[in-house]
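Okay, so here's the structure we're looking at.
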Amino acid sequence: MAKKTEPVKPEATVVKAAKKVDISKMSADELSQKATEIRNDIVSLKKGILNGTVQNYKMGSVKKKELARVLTALKLKSKEEK
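Residue numbering for the sequence shown follows the working numbering, starting at 408 and increasing by one per position.
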């Protein structure tokens with residue numbers, strides 16, 4: 408009798424989003440740099456989707472949510488400074 412083999416799962420690159428605690432500890436300058444970095448990541452993801460090189464389409468929505476968290480924290484920091 409032949410042995411049953413388990414299907415091989417492809418390795419996925421998992422990038423965890425920044426936690427709310429980590430974001431709240433950042434300064435305003437760090438938050439603006441992080442927002443710029445995330446925006447660049449989103450642009451490269453969109454280009455990768457068009458080229459067909461991106462396999463994980465969900466990363467786009469994850470990055471958008473992370474950007475929203477960073478921008479919200481940045482807005483709160485600017486209100487606190489006033």
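We treat Cβ as the ideally placed atom computed from N, Cα and C, and that holds for glycine. Remember, predicted model here, so these are calculated numbers, not experimental data.
Hey, out of the options, whose CA is closest to residue i's CA?
i: K432; options: A480, K472, E444 and L452; result: A480
i: V428; options: K486, E473, E487 and K489; result: E473
i: K489; options: A475, A435 and V461; result: A435
Indicate whether residue i and residue j have their beta-carbon atoms separated by less than 9 Å.
i: L452; j: K470; result: yes
i: L478; j: A442; result: yes
Tell me which residue opens and which closes the alpha helix (DSSP H) that residue i is part of.
i: K470; result: K465 to E488
i: S434; result: Counting along the chain, S434 falls outside any alpha helix (DSSP H), and DSSP gives it neither H nor E.
Throw me the rounded Cβ distance for the residue i and residue j pair, which I believe falls under 8 Å.
i: K445; j: G467; result: Sequence inspection shows Ile at residue 445; the Lys mentioned does not correspond to that position. Not quite, the Cβ-Cβ distance comes to about 11 Å (not below 8 Å), so this is no contact.
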